[in-house]
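Each residue of the sequence shown is one higher than the last, beginning at 36 in the numbering used here. The beta carbon of each residue, even a glycine, is placed where N, CA and C say it ideally should be. What follows is a single structure, written as structure tokens, with notes after it.
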Amino acid sequence: MLDDRTIRRAPKVLLHDHLDGGLRPETVIDLAREAGYTALPTQDPAELQAWFTRGADRKSLELYLEGFAHTVALMQTRDAIERVSAECVEDLAADGLVYAEVRYAPELSTAAGLSLDEVVEAVLAGFERGMVTAAAAGRPILVRFLCTAMRQYARSVEIAELAVRWRDRGCVGFDIAGPEKGFPPTRHLDAFHLVQRENFHSTIHAGESFGLPSIWEALQWCGAARLGHAVRIVDDITLDDDGRAHLGRLAAYVRDRRIPLEMCPTSNLHTGAVATLAEHPIGLLRRLRFRVTLNTDNRLMSGVSLSSEFAAMSRVFGVGLDEMEWLTLNAMKSAFEPFDGRLRLITAVIKPGYAALRAEAAAAAAF
Ligand SMILES: [Zn+2]
36 MLDDRTIRRA PKVLLHDHLD GGLRPETVID LAREAGYTAL PTQDPAELQA WFTRGADRKS
96 LELYLEGFAH TVALMQTRDA IERVSAECVE DLAADGLVYA EVRYAPELST AAGLSLDEVV
156 EAVLAGFERG MVTAAAAGRP ILVRFLCTAM RQYARSVEIA ELAVRWRDRG CVGFDIAGPE
216 KGFPPTRHLD AFHLVQRENF HSTIHAGESF GLPSIWEALQ WCGAARLGHA VRIVDDITLD
276 DDGRAHLGRL AAYVRDRRIP LEMCPTSNLH TGAVATLAEH PIGLLRRLRF RVTLNTDNRL
336 MSGVSLSSEF AAMSRVFGVG LDEMEWLTLN AMKSAFEPFD GRLRLITAVI KPGYAALRAE
396 AAAAAAF
């Protein structure tokens, strides 16, 4: 089993994390005070954290999403967005991450008059500030932005254009998020085709609270390079009595083409996509060597960090250092950061980092 200290020190990579799902509880309280926002149930950070997680853990994606009304309401000014973004980077760096893609839907922050471009500018300024602070603290991290459109609204083409407009300044891809049922990826086909024509990248939340058709549309109609969650891909896999797996056409395509799966086990437990962590499809999918990656989704709402997700994987599935490195390399290979940057992190940071931890463990075992 991996111990917490090893997990925290190991270089980690995160591809699926929502900016509005990862605020510090202390910051939520501060921002509410500054904005005169009175809908929080408590002024105590620990109680507030527990309240968000209780609200998230109600076995429904729609109920899970309710907590975001509070965080988003507090992300309506340039200063607030920049602060939240900078703290996000600092928190990820403190957790031992070396690369992360953090996503947000700029259309959620325009209620007080900010333009979509001003929102992205504030996010990226915050990321920049956070990266400088983290590097100065001896924890260098590279954080990139994924620009998200809300699937229940109708601004996805505008948001895709926004993502492309900021591509050389820290935005590395486009995504859609929000309630999945009733809002299939093909509803936003024009946006995805725009992204494709621009030789840009998209990842799509699919197969989280809805099944195989959502995954199929995301890949074969919308051209998604990665899939958010995609737990329902197991509906296309059957197991013999002796444990041998048979993949249907879609599952085989996903594995053969090495389509990255951004899996978020605790979040899925909270939304009711799975009943227990032990039953989470990540157990089977990693055994079948799909390109699995491990992610947080919403650190505040689910009360997790990437380290705590790795600790859970170690506890439930016996994941050790080698497999932790495999999951990390899967994520780094699947990142939207250009190839040179990915390669540099793999060869100069990730592989040496795990080699050092393995050597340390071997030396400890020899005594
Ligand atoms: Zn998500």
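Is it the case that the Cβ atoms of residue i and residue j are separated by a distance below 9 Å?
{"i": "H264", "j": "T273", "result": "no"}
{"i": "N365", "j": "D52", "result": "no"}
{"i": "S369", "j": "L50", "result": "yes"}
{"i": "R30", "j": "C206", "result": "Given that the chain is displayed from residue 36 to residue 402, the structure contains no residue 30 and the question cannot be resolved."}
{"i": "D55", "j": "V119", "result": "yes"}
{"i": "K94", "j": "G307", "result": "yes"}
{"i": "A259", "j": "A241", "result": "yes"}
{"i": "R350", "j": "M36", "result": "yes"}
{"i": "D210", "j": "T238", "result": "yes"}
{"i": "H236", "j": "F371", "result": "yes"}
{"i": "L312", "j": "A347", "result": "yes"}
{"i": "Y389", "j": "E360", "result": "yes"}
{"i": "M110", "j": "S144", "result": "yes"}
{"i": "P220", "j": "C182", "result": "no"}
{"i": "R89", "j": "L159", "result": "no"}
{"i": "P60", "j": "P46", "result": "no"}
{"i": "P214", "j": "L96", "result": "yes"}
{"i": "L262", "j": "V230", "result": "no"}
{"i": "V137", "j": "F103", "result": "no"}
{"i": "A212", "j": "A184", "result": "yes"}
{"i": "C123", "j": "G208", "result": "no"}
{"i": "V339", "j": "M298", "result": "no"}
{"i": "S302", "j": "A85", "result": "no"}
{"i": "L392", "j": "T41", "result": "yes"}
{"i": "P316", "j": "I250", "result": "no"}
{"i": "V309", "j": "P300", "result": "yes"}
{"i": "D275", "j": "G246", "result": "no"}
{"i": "A108", "j": "A70", "result": "yes"}
{"i": "A135", "j": "L177", "result": "yes"}
{"i": "A129", "j": "A172", "result": "yes"}
{"i": "G131", "j": "R44", "result": "yes"}
{"i": "E233", "j": "V199", "result": "yes"}
Are there any heavy atoms of ligand 1 lying less than 8 Å away from the beta-carbon of residue i, as far as the coordinates show?
{"i": "G263", "result": "yes"}
{"i": "A5", "result": "Nothing in the structure corresponds to residue 5, since the chain is present only between 36 and 402."}
{"i": "A212", "result": "yes"}
{"i": "S249", "result": "no"}
{"i": "N333", "result": "yes"}
{"i": "H240", "result": "yes"}
{"i": "S343", "result": "no"}
{"i": "C123", "result": "no"}
{"i": "S302", "result": "yes"}
{"i": "H305", "result": "no"}
{"i": "H315", "result": "no"}
{"i": "H223", "result": "no"}
{"i": "H414", "result": "What is shown of the chain runs 36 to 402, which leaves residue 414 out entirely."}
{"i": "C206", "result": "no"}
{"i": "H53", "result": "yes"}
{"i": "C299", "result": "yes"}
Could you tell me which residues DSSP puts in a beta bridge with residue i?
{"i": "S349", "result": "Answer by DSSP bridge pairing: none, since S349 is not bridged."}
{"i": "G263", "result": "H240 and E297"}
{"i": "V327", "result": "L296"}
{"i": "F209", "result": "C182 and S237"}
{"i": "A400", "result": "Note: A400 sits in no beta bridge, so no partner."}
{"i": "H281", "result": "T273"}
{"i": "D52", "result": "V137 and D332"}
{"i": "K47", "result": "L132"}
Quick one: any contact between the segment 185–194 and the segment 355–364, if contact means 3 or more CB pairs under 8 Å? no
Cβ contact check for the segment 378–388 and the segment 332–346: 3 or more pairs under 8 Å: no
Three Cβ pairs or more, each shorter than 8 Å: is that satisfied between the segment 68–82 and the segment 314–323? no
Threshold first: 3 residues or longer. Then list the beta strand (DSSP E) segments lying entirely within the segment 171–201, N to C. 177–185
Could you give the uninterrupted runs of the alpha helix (DSSP H) lying entirely in the segment 65–112, keeping only those of 4 residues or more? 80–91, 96–99 and 103–108
Curious, which full-length beta strand (DSSP E) runs of at least 3 residues does the segment 124–173 contain? 132–139
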